[in-house]
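Enquirer:
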């Protein structure tokens, strides 16, 4: 047995050796450096991007799927003649590395950078078409210097600010969380139940772009998955209504003006009490002395519940009477003011007017505390005062003073706003569900916030020439979360001088959420070695925006929304001219096993490395791409990498059968096979553009079968049509199974580097059929099939049908009543 060029010789049989082929081509590809993007190329540019991974260990099946899918389009674009930017790096700051470091008593950087090197080698083995010259990690000081610089620019523009408010707190990770990082009341990282704390934290003013973020979704809708677009629309949550001012009489006799937002100002005549978020500062301002202790006691319970729990419609209502009253601005009625957990402090103004007859949560609260219920819209249903079922439909206004008798909701809302504005008791307005992004974290492994706190000058941004603010070297017990940032314990790092006055000052001890790093990383790929600026704006405008972004829909709100915000903010800073970061987005499904998410605890984990060792890279890639459309989940228990390997072997064997010389023109070869080849190329191009990659593989399999049939049935291995077909198979496979394709390309007599060859040109004439099959029916049964010209006339087709010997035999003894002709495919003879 001898081995050479990835082929193992067994007597006269040559077989496909997966390991040998992979070992052979990896160093060749590294030397060719095919995928390095040229900024100065005159070719049209395409920016292909996949979400970069977190280095928590080696690559897993989810990584394998997204990289295989992403590679199809980026390789295709390169073959189509585009200059393609396809970079890769690592999202390397964050809690997992810090928690692992604490557990193992080592520095987070050691854990992180060790995993990065492991993943890097796995990426190369996997045959990905990344431009490794642009590689970076978000925890590199050369990168987070510019994360900090961007923060200072946001701060200068008023888009980064600090305030005290109730925040989501993860008791396990000992840090605050943004609203988007709380899933069903739990920390999206560790699953711990989230509570509330009153803290002073840093925010990005995402609400400044709320309307534009919403409006721009209309432009993205044609090229983004609808479920992602809808998730963003719902999260931004635009609602029109009015701000209404209530006068609240305090214990002291003074009046406090409280503004509430409502989408239904027309129901103000039914507002019979007010509810304030129990954990809002407003509740503490309004509460009477007699009720202050009751509010404090109640707050202990409120802070145990997540926002999701608090908003649940089936949750029993609880609350505290604040002991004060408010004046209903349209009726003059004195209504009680309560505090409850079903109103959130950070939504609207933290207070609502309660109209229990027409809102079920308000009605449930009224029922629990025996508060008044007044119907102001007669919908024809039973009275909510008696049924305790709120009526929410349209109807006739009643008990509504100047609105009585109206039947149109829109008219009622407009008239109510006119009344409020005339009396200076309210204004029409728009509200958003979207809240500002809480970005500060009380943990170590993240970019330090570049602000110093000076007793003279207040908050002062660290000047650009003093960036980066480097992390101090902490490990072991010093890293352990204590409810405050570990950086606060490093006095020599905290104590500094004010950049403005030169006096003593203290550094901000929080670090930035890792979503800040990933909100702009795609800009840095454009000029990653530039140490003079975050990125080259001219190059960014030449390459961007990203033409196709591939990733999971678990980021439908967080990462995608934050990236969109950053892009719009940087546009307004004059750094780029684009409005949106990702022109198109492809959301891939998950890789499951036995119908469930892969997990060691469930005993259904599948190790990617083991699959690659057993079946080879190409078979795993082919299996993942062929299993389903990209957006669907894949169940590994239902697929067969062994079958994929067998197909690759069949395709590879074709390349050894070709005997015509490389460069032999295909003209004059077997026309039937050439038609299949060119139809496959044309179909594949359209399918790739529409992300139907699994169907491309099916078409390639059909071409392999047609080629084998042509060879075995007499066409012959020397026929140039066979060479054309096999070269097409290799080209198509290079998008999905690069090792097999490269080996086939060499066996076909070409120099290495199939990834750099041009996409095959379709001969349009071969897509036009010379003949079509016309069916002749008598009494609904097929009696003949005729090969006719596609443009045959109805008269000629009828004549051909009637002249057919089989048809004549079938008509013996029958009388033809009518002949129905639908050229060129059907003749129906009625007898």
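In UniProt numbering, the protein residues as written are 1 to 831.
Where is the CB? At the ideal position from N, CA and C, for every residue including glycine.
#1: Since residue 176 contacts residue 442 with CB under 8 Å, what's their CB separation in whole angstroms?
#2: If you drop the 5 nearest sequence neighbours on each side, which residues of the same chain put their C-beta closer than 7 Å to that of residue 133?
#3: Quick one: is residue 362 near chain B, going by C-beta distance under 7 Å?
#4: Would a C-beta distance cut-off of 7 Å place residue 550 and residue 586 closer than the cut-off?
#5: Does DSSP classify residue 563 as helix, strand or coil?
#6: Does the distance from the C-beta atom of residue 654 to that of residue 700 stay below 7 Å?
#7: Can you find the residues in the same chain that come closer than 7 Å, C-beta to C-beta, to residue 149, ignoring five residues on each side of it along the sequence?
#8: Return the chain-ordered list of same chain residues with a C-beta closer than 6 Å to the C-beta of residue 239, the five sequence neighbours on each side being excluded.
#9: Does DSSP put residue 578 in a helix, in a strand, or in coil?
#10: Inspect the CB distances between the stretch 382-397 and the stretch 216-235 and report whether three or more fall short of 8 Å.
#11: Using the three-state DSSP reduction, which class does residue 588 fall into: helix, strand or coil?
#12: Count Cβ pairs between the stretch 342-362 and the stretch 261-280 that sit closer than 8 Å; are there 3 or more?
#13: What's the C-alpha gap between residue 131 and residue 87?
#14: Would you tell me roughly how many angstroms separate the C-alpha atoms of residue 427 and residue 420, rounded to the nearest one?
#15: In its own chain, which residues sit with a C-beta less than 6 Å from the C-beta of residue 819, not counting the 5 before and 5 after it?
#16: My output table needs one value for residue 129: the three-state DSSP class, helix, strand or coil.
#17: Using the rule of at least 16 other Cβ atoms within 10 Å of the residue's Cβ for burial, across every protein chain shown, is residue 31 buried or exposed?
#18: Kindly indicate which three-state DSSP category residue 104 falls into: helix, strand or coil?
#19: Measure the CB-CB distance between residue 740 and residue 618 and report whether it falls below 7 Å.
#20: Do residue 588 and residue 637 have their C-beta atoms closer together than 7 Å?
#21: From this set, 178, 39 and 29, which residue's C-alpha is nearest residue 436's C-alpha?
#22: Tell me whether residue 12 is buried or exposed, calling it buried when 16 or more other Cβ atoms sit within 10 Å of its Cβ.
#23: Three or more beta-carbon pairs under 8 Å between the stretch 52-64 and the stretch 112-122, yes or no?
#24: Looking at the strands, I want to know which residues DSSP matches up with residue 334.
#25: If the criterion is Cβ atoms closer than 7 Å, does the pair residue 261 and residue 326 meet it?
#26: Identify the residues that DSSP records as bridge partners of residue 707: which are they?
#27: With distances taken Cα to Cα, identify the nearest neighbour of residue 790 among 800, 771, 776 and 777.
#28: Candidates 496, 413, 360 and 483: which alpha carbon is nearest residue 452's?
#29: Figure out for me which residue from 552, 124 and 576 has the closest Cα to the Cα of residue 526.
#30: Could you check whether the stretch 78-95 touches the stretch 615-634, counting it as contact only if at least three pairs of C-beta atoms, one from each stretch, sit closer than 8 Å?
#31: Going by DSSP, what residues sit across from residue 453 in a beta bridge?
#32: Using a Cβ-Cβ cut-off of 6 Å (strictly less than) and excluding sequence neighbours within five positions of residue 822, which residues of its own chain qualify?
#33: What are the start and end residues of each continuous beta strand (DSSP E) run of 3 or more residues lying completely inside the stretch 722-769, in chain order?
#34: With a Cβ-Cβ cutoff of 7 Å, do residue 447 and residue 144 count as a contact?
#35: From the DSSP output, in three-state form, read off residue 240 for me.
#36: So is residue 128 buried or exposed if we call it buried at 16+ other beta carbons inside 10 Å?
Expert: This is what the structure gives:
#1: Confirmed, about 7 Å.
#2: A distance below 7 Å between beta-carbons, with the five flanking residues on each side excluded, links residue 133 to the following residues of its chain, in chain order: 36.
#3: No chain B is part of this structure, which consists of one protein chain only.
#4: The answer is yes: Cβ separation under 7 Å.
#5: For residue 563, the three-state secondary structure derived from DSSP is helix.
#6: Against a cut-off of 7 Å, the Cβ pair of residue 700 and residue 654 comes out as no contact.
#7: Within the same chain, residue 149 has close Cβ partners 464, 467 and 534.
#8: 263 and 431.
#9: Residue state, collapsed to three classes: coil.
#10: The stretch 382-397 vs the stretch 216-235: no contact.
#11: The three-state secondary structure of residue 588, taken from DSSP, is strand.
#12: Contact holds: three or more Cβ-Cβ distances are below 8 Å.
#13: Between the alpha carbons of residue 131 and residue 87 lies a distance of about 5 Å.
#14: Pairing residue 427 with residue 420, the inter-Cα distance amounts to about 7 Å.
#15: Hits under 6 Å: 798 and 829.
#16: Residue state, collapsed to three classes: coil.
#17: Answer is exposed; the Cβ neighbour count stays below 16.
#18: In the three-state reduction of the DSSP assignment, residue 104 falls in the helix class.
#19: It is a contact, given that the beta carbons lie within the stated cut-off.
#20: Result no, Cβ atoms of residue 588 and residue 637 do not sit closer than 7 Å.
#21: Comparing Cα-Cα distances from residue 436 to each of 178, 39 and 29, the minimum goes to 178.
#22: Note that residue 12 scores 38 on pLDDT, short of 50, meaning its location in the model is unreliable; the coordinates nonetheless yield the value given after this. Around the beta carbon of residue 12, fewer than 16 other beta carbons lie within 10 angstroms, which makes this residue exposed.
#23: Under the 8 Å Cβ criterion, the stretch 52-64 counts as touching the stretch 112-122, having at least three qualifying pairs.
#24: Looking at the DSSP assignment, residue 334 forms a beta bridge with 327.
#25: No, they are not a contact pair.
#26: As far as DSSP is concerned, residue 707 takes part in no beta bridge.
#27: Its Cα nearest to that of residue 790, the residue 771 stands out among 800, 771, 776 and 777.
#28: The residue with the shortest Cα to Cα distance from residue 452 is 496.
#29: Selected option, being the one with the closest Cα: 576.
#30: Result no; under three Cβ-Cβ pairs closer than 8 Å.
#31: Beta-bridge pairing links residue 453 to 459 and 506.
#32: So no residue of the chain qualifies.
#33: As far as the stretch 722-769 is concerned, it has no whole beta strand (DSSP E) run of at least 3 residues.
#34: With respect to the 7 Å criterion, residue 447 and residue 144 are classified as neighbours on the basis of their beta carbons.
#35: Three-state DSSP puts residue 240 in a strand.
#36: Residue 128 should be labelled buried.
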